[in-house]
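Chemist: Please see the structure below; I have some questions.
Residue numbers (this note's numbering): 23 to 382.
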């Protein structure tokens, strides 16, 4: 064919046009195919437990089985009193139950069938012996780590199988308010399901002037393991039960002083502890008298951290206490001191109704 054949030139031009049009379409098609594969892969791996699942079907997933309660959480007495110096022995039993809290039921693991575990008190220099027993019907090992100890794993090296017991000893070297908790893996879940408590280590000379003392632990409640993993608490509580000191206020005398030991057990949320209508005359970070500040309005407490606060209730009336992180207060981290003949009325604690969550 001659090099200057017009028919040949026209065919070449048409091929170039076809390529210019079809090539981008081919690339787009490949990209769309890749995108489709990626979407399918993301769908199959989007679950937090890394279990592959097929794309959503048209039929709804079955609802999770409702827990049947086999135990009701008892009210927690916040009153605590000083102890004298000397060796101390504490017996802690780990149990696993489906616990009714208000009108809801949670799978919970506990020390001595209460959440938080019992408030323990010693004096600086005391020798502390811990006996831990794991109930025979437990499904897994448990342990206890005392933040006040100076031991390997805080005592958590003593892992106790179901139906077995263990023991260890430590010396309480520093004054303060310390957390204890189960140290069995995964620790996040053991704390999130209720295995924590407060140990008060008194200074040799005490915390100061004698006055009524109260122990309050802030914590989260979770209805599922995924909630624990993702830090999505279903409720918040002071001493294990949301709003319990709204329904049953802590009664104090008018124009009296009080000392409150506060622990934030978490396991994941911070606390901003505040008592409405008063000012903290003195606050001890982590409960150590060397860490004192004065005239405080709210105390930030990290997870596993603590404080001791002293205050005066001026006159009769209502003195609500909350975490000033109000999204958490609305979930149940609210209570009240009732001074003298003061009676709570409608709207006394605006966040309490919003924080019911079926727990009252």
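Note that beta-carbon positions come from the ideal geometry of N, C-alpha and C, so glycine has one too.
Quickly, what does DSSP pair residue 340 with across the bridge? List them, please.
Modeler: 360
Chemist: Would the beta-carbon of residue 185 fall within 8 Å of that of residue 156?
Modeler: yes
Chemist: Taking residue 190 and residue 177 to be in contact with their CB atoms under 8 Å, please state how far apart those CB atoms are, rounded to whole angstroms.
Modeler: Confirmed, about 5 Å.
Chemist: May I ask which residues mark the beginning and end of the alpha helix (DSSP H) holding residue 348?
Modeler: 348–351
Chemist: Going straight from the alpha carbon of residue 261 to that of residue 243, what length do you get?
Modeler: 11 Å
Chemist: Just confirm the distance between the C-beta atoms of residue 117 and residue 160, as a whole number of angstroms; I'd bet it's less than 8 Å.
Modeler: 7 Å
Chemist: Use the C-beta contact count for residue 109: other C-beta atoms within 10 angstroms, 16 or more gives buried, fewer gives exposed.
Modeler: exposed
Chemist: Helix, strand or coil for residue 167, going by three-state DSSP, please let me know.
Modeler: strand
Chemist: From this set, 281, 252 and 208, which residue's C-alpha is nearest residue 237's C-alpha?
Modeler: 281
Chemist: Please report the Cβ distance between residue 142 and residue 120, rounded to the nearest whole angstrom; I am assuming they are in contact, meaning their Cβ atoms lie under 8 Å.
Modeler: Distance from residue 142 to residue 120 at the Cβ level is roughly 26 Å; contact not present, criterion being Cβ atoms closer than 8 Å.
Chemist: Leaving aside the five residues before and after residue 294 along the sequence, list all residues of the same chain whose C-beta is less than 8 Å from its C-beta, in chain order.
Modeler: 320, 321, 322, 323, 345, 346 and 347
Chemist: Considering only their Cβ atoms, is the gap separating residue 175 from residue 200 smaller than 8 Å?
Modeler: Not a contact, by the Cβ cut-off of 8 Å.
Chemist: Assign residue 349 to one of two classes, buried (16 or more other C-beta atoms within 10 Å of its C-beta) or exposed (fewer than that).
Modeler: exposed
Chemist: Among 279, 148 and 132, which residue has its Cα nearest to the Cα of residue 337?
Modeler: 279
Chemist: Among 103, 93 and 361, which has the Cα closest to the Cα of residue 229?
Modeler: 103
Chemist: By the DSSP assignment, the alpha helix (DSSP H) with residue 323 in it spans what residues?
Modeler: For residue 323, there is no enclosing alpha helix (DSSP H); the enclosing beta strand (DSSP E) covers residues 321–323.
Chemist: Can you say whether residue 308 is buried or exposed, counting buried as having 16 or more other CB atoms within 10 angstroms of its CB?
Modeler: With 16 or more other Cβ atoms from the protein chains shown falling within 10 Å of its own Cβ, residue 308 counts as buried.
Chemist: In its own chain, which residues sit with a C-beta less than 6 Å from the C-beta of residue 135, not counting the 5 before and 5 after it?
Modeler: 117
Chemist: Give the list of continuous alpha helix (DSSP H) stretches no shorter than 4 residues that lie fully inside the region 258–317.
Modeler: 266–269
Chemist: Just to confirm my understanding: we take residue 205, look at its own chain, exclude 5 residues before and 5 after, and list those with CB closer than 8 Å. What are they?
Modeler: 165, 166, 167, 175, 176, 177, 178 and 212
Chemist: Mind checking whether residue 361 and residue 298 have CB atoms under 8 Å apart?
Modeler: It is not a contact, given that the beta carbons lie outside the stated cut-off.
Chemist: Where does residue 70 fall in DSSP's three states?
Modeler: Summary for residue 70: the model assigns pLDDT 36, below 50, so the residue's position carries little reliability, and this model does not support an answer.
Chemist: Excluding five sequence neighbours on each side, which residues of the same chain lie with their C-beta closer than 6 Å to the C-beta of residue 364?
Modeler: 338, 339 and 340
Chemist: I'd like the ranges of any beta strand (DSSP E) spanning at least 3 consecutive residues and lying wholly in the region 186–222.
Modeler: As far as the region 186–222 is concerned, its whole beta strand (DSSP E) runs of at least 3 residues are 187–193 and 198–203.
Chemist: Would you decide whether residue 270 is buried or exposed? Buried here means 16 or more other CB atoms lie within 10 Å of its CB.
Modeler: exposed
Chemist: Looking at the structure shown, is residue 251 part of a helix, part of a strand, or coil, going by DSSP?
Modeler: helix
Chemist: Just to check my reading of the structure: residue 285 and residue 239 have Cβ atoms closer than 8 Å, yes? What is that Cβ distance to the nearest angstrom?
Modeler: 5 Å
Chemist: Do residue 353 and residue 289 count as a contact pair if the criterion is CB distance below 8 Å?
Modeler: Between residue 289 and residue 353, the gap from beta carbon to beta carbon reaches 8 Å or more.
Chemist: Given this structure, state the Cα-to-Cα distance separating residue 224 from residue 151, to the nearest angstrom.
Modeler: 17 Å
Chemist: Distance check for residue 181 and residue 334, CA to CA, integer angstroms please.
Modeler: 44 Å
Chemist: To the nearest angstrom, how far is it from the Cα of residue 124 to the Cα of residue 263?
Modeler: 8 Å
Chemist: Which whole-angstrom value describes the C-beta separation of residue 359 and residue 272, a residue pair presumed to lie in contact below a C-beta threshold of 8 Å?
Modeler: 5 Å
Chemist: Give me the Cα-Cα distance between residue 258 and residue 250, rounded to the nearest whole angstrom.
Modeler: Rounded to the nearest angstrom, the two C-alpha atoms are 13 Å apart.
Chemist: Which residues share a DSSP beta bridge with residue 116?
Modeler: In the DSSP assignment, residue 116 forms a beta bridge with 133 and 156.
Chemist: Determine which residues share a DSSP beta bridge with residue 98 and list them.
Modeler: Answer is none; residue 98 lacks a bridge partner.
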